[in-house]
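Trainee:
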Amino acid sequence: MKRVAILISGGGSNMVRLAEDMRGDHPARPVLVLANDPDAGGLAKAAALGIETAVVDHRDFAARAAFEARLTEVLEAAAPDIICLAGFMRILTPAFTARWAGRVLNIHPSLLPRYPGLDTYARAIAAGDAEAGCSVHEVTAELDGGPVLGQARVPVRPGDTPETLAARVLMQEHRLYPAVLRRVADGETGRIDLPPPGGMD
Ligand code: GRF
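Plus 8 on top of the position in the sequence shown (first one is 1) and you've got this note's numbering.
1. Shortest alpha-carbon distance to Ala-103 belongs to which of Tyr-185, Asn-114, Ala-149 and Met-30?
2. Please name the residue, chosen from Asn-114, Arg-107 and Gly-32, that lies closest to Glu-81 on a Cα-to-Cα basis.
3. Measuring alpha carbon to alpha carbon, tell me which of Ala-85, Asp-65 and Leu-83 ends up nearest Met-97.
4. Under 8 Å, do Ile-99 and Cys-142 count as touching if we go by C-beta distance?
5. Using DSSP bridges, identify the partner residues of Lys-10.
6. Just to confirm, is the Cβ distance from Val-192 to Ile-90 under 8 Å?
7. From this set, Glu-76, Arg-67 and Cys-92, which residue's C-alpha is nearest Glu-181's C-alpha?
8. Using the C-alpha atoms, what's the distance from Gly-206 back to Ala-85?
9. Helix, strand or coil for Pro-126 per DSSP?
10. Could you pull out every unbroken alpha helix (DSSP H) segment of at least 4 residues lying fully inside the stretch 67-121, listed in chain order?
11. For a minimum of 3 consecutive residues, which ranges assigned as the beta strand (DSSP E) are wholly contained in the stretch 36-64?
12. Just to confirm before moving on: does the CB-CB distance between Arg-157 and Pro-88 stay below 8 Å?
13. Output the boundary residues of the beta strand (DSSP E) element that contains Glu-139.
14. May I ask you to check if the CB of Met-9 is nearer than 7 Å to at least one heavy atom of the ligand GRF?
15. Please check the pair Ser-118 and Ala-140, which I expect to be a contact at CB under 8 Å, by giving their CB distance rounded to whole angstroms.
16. Under 7 Å: does the beta carbon of Met-23 sit that close to some heavy atom of the ligand GRF?
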């Protein structure tokens, strides 16, 4: 049974879907939800799901290295096999990604390698892209640069705003991330590409 720690910064909608998917017949179980913000809404959701929670507030640390050292201490106590970043909004240094190499996944709201970084929806709309989507990738020292393990695509529609596109992409994140985590926990390799679900032209 693989042990999964999930890192969040906000509402944790992806964390909830991952945790719910692991409730059934699944090769993994959530062992910790860790937030860098004590006010992260996802903490209460994790507690309601019976998952142990922790907070490592990045504002308590003058240096990124000290913050990450504390992150690693808390994570080591949970002994995760897999760490899922889910709406986690802190950039992790190569020291952290090296310490947890090969075990950290992230969901990013673009079709990587397009649009690493922020404001992915506005950039796709500004570029006139016909499609957008999300990617689950291995976290490496390069921001949003690790091997892509899965993608889900959505149409960009005329009149889309970053908010309307974000909502459409988020729905696909909630399908993609559980599907990729299940395969990773099963030790399967090979990339997943989810087509837009029925009814979404
Ligand atoms: C989502 O837009 C996701 O793409 C990004 O963080 C945002 C919030 O995710 N990674 P969540 O609702 O906190 O899971």
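Each residue gets a CB set at the ideal place from its N, CA and C atoms; glycine is no exception.
Small disclaimer: the values here were computed from a predicted structure and weren't measured.
Mentor: Once the coordinates are examined:
1. Among Tyr-185, Asn-114, Ala-149 and Met-30, the Cα nearest to that of Ala-103 belongs to Ala-149.
2. Restricting attention to Asn-114, Arg-107 and Gly-32, the CA atom closest to the CA of Glu-81 is found in Arg-107.
3. Answer by Cα proximity: Asp-65.
4. No; because the gap between Cβ atoms is not below 8 Å, this pair is not in contact.
5. Bridge partners of Lys-10: Ala-36.
6. At a Cβ-Cβ threshold of 8 Å, Val-192 and Ile-90 count as neighbours.
7. Checking every option, the nearest Cα to that of Glu-181 belongs to Cys-92.
8. If you take the alpha carbons of Ala-85 and Gly-206, they lie about 43 Å apart.
9. Here residue 126 turns out to be Leu, not Pro, going by the sequence shown. Three-state result, Leu-126: coil.
10. Annotation note: the stretch 67-121 contains the following uninterrupted alpha helix (DSSP H) runs of length 4 or greater, listed N- to C-terminal: 72-86 and 102-107.
11. Every beta strand (DSSP E) of 3 residues or more that sits fully in the stretch 36-64 is shown, in chain order, as 36-43 and 61-63.
12. Correcting the residue type first, residue 157 is Leu in the shown sequence and not Arg. The answer is no: Cβ separation not under 8 Å.
13. The continuous beta strand (DSSP E) containing Glu-139 extends over residues 139-146.
14. Not under cutoff, so the answer is no.
15. Right, their Cβ atoms sit about 7 Å apart.
16. Yes, the Cβ of Met-23 comes within 7 Å of a heavy atom of the ligand GRF.
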